[in-house]
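Below you'll find the structure, written out as structure tokens, and then a few comments.
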Amino acid sequence: QLACGAIGALNAGWIVDRLSAPRDAKAQIRVVRFGVLAAAVGTILAAVLPNAVLALLASGLTFLGAGICLGLGAMGFQAMFPARFSGRGVATYLLVTGVLGASVGPTVVPMLAGLLGDGKNVGPALGICSALAGVWSLAWLTWSLHGLPPVSGYSQHE
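Under this note's numbering, the first residue of the sequence shown is numbered 2, with each subsequent residue one higher.
Given below as structure tokens:
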């Protein structure tokens, strides 16, 4: 799982470079959309598969997708800010995703598991939360693919 997350994060930029034409602003979003889809499918499968080995393999897919999203998210924030502020932008991104990821997920999944019955239904609760988050993320990413203006005179550095 750790290897899959690292592979996703470290190779996300390379994937964007190989799949995109020059000055293609939407290439990152397309690859992030794949990462969200991989993470959502992997998490749903890991939550509902009866075999522990298959569940671990599916969670590897989850970490691969999450690594892609984290790597490209930081890359996108770095490109949004002028060169002298890019480090602060990435630090803010990592702080927000860390705070939200460390608080929302561990709170919502047990609450939903309690609503589903005796509190032991963590697998289905995790699958439901992942499906909802995946659909929500894919909808926003698809909308952003159609809402981005073409890039003209794009410069990452001032």
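Quick reminder that beta carbons are idealized off the backbone N, C-alpha and C, glycines included.
- Here D119 carries a coil assignment [DSSP, helix/strand/coil].
- CA-to-CA, the gap between I129 and A47 works out to about 12 Å.
- Of all alpha-carbon atoms in T98, C5, I45, the one lying nearest the alpha-carbon of A56 is that of I45.
- Shown here for Q79: same chain residues with a beta carbon closer than 7 Å to its own, the five before and five after excluded, namely S87, G90, V91 in chain order.
- Annotated three-state conformation of S21 is coil, per DSSP.
- Rounded to whole angstroms, the separation of the alpha carbons of D119 and A132 is 22 Å.
- Contact check for V17 and V32: beta-carbon distance about 5 Å, within the 8 Å limit, so the pair qualifies.
- For R34, the enclosing alpha helix (DSSP H) covers residues 28-49.
- By the Cβ-count criterion, T63 is buried, with 16 or more other Cβ atoms from all chains shown falling within 10 Å of its own Cβ.
- The criterion of a C-beta distance shorter than 8 Å is satisfied by I30 and L142.
- F78: member of the alpha helix (DSSP H) spanning 53-81, first to last residue.
- Closest by C-alpha distance to G74, out of A41, L127, G61, R34, is R34.
- For V123 and N12, the gap between their C-alpha atoms comes out near 32 Å.
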